[in-house]
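Asks: Just dropping this structure here.
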Amino acid sequence: MQLGESRVHLPHLSQCLSESTTKSKLATLNEKLDVLERRLEMLEVQVSTAAANPSLFAK
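Residues in the sequence shown are numbered from 607 upward in steps of one, following the numbering used here.
Written out as structure tokens, the structure reads:
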């Protein structure tokens, strides 16, 4: 491979690395969002339970 040929492949390599990094970041964000959604669902159940049965949560 000549030096000029390697320069032609660099933009493609850079694009692939960028795409891989972006996919990885999106996967991480998706996992965090899943955790937040589960926590929110749990809180919603707790609030609805407290609203329906206030004596259960009174101190």
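Even glycine gets a Cβ: it sits at the ideal position worked out from N, Cα and C. Quantities reported herein were computed from a predicted structural model and do not represent experimental measurements.
Which same chain residues end up closer than 8 Å to Val657 when comparing Cβ atoms and leaving out the 5 residues on each side of it in sequence?
Replies: Looking at the sequence itself, residue 657 is Ala, so the reference to Val does not match. Excluding sequence neighbours, Ala657 sits near nothing in its chain.
Asks: To the nearest angstrom, how far is the alpha carbon of Leu646 from that of His618?
Replies: Looking at the two C-alpha atoms, the distance is approximately 41 Å.
Asks: Whole angstroms are fine: how far does the CA of Ser654 sit from the CA of Leu662?
Replies: Distance between the alpha carbons of Leu662 and Ser654 is about 12 Å.
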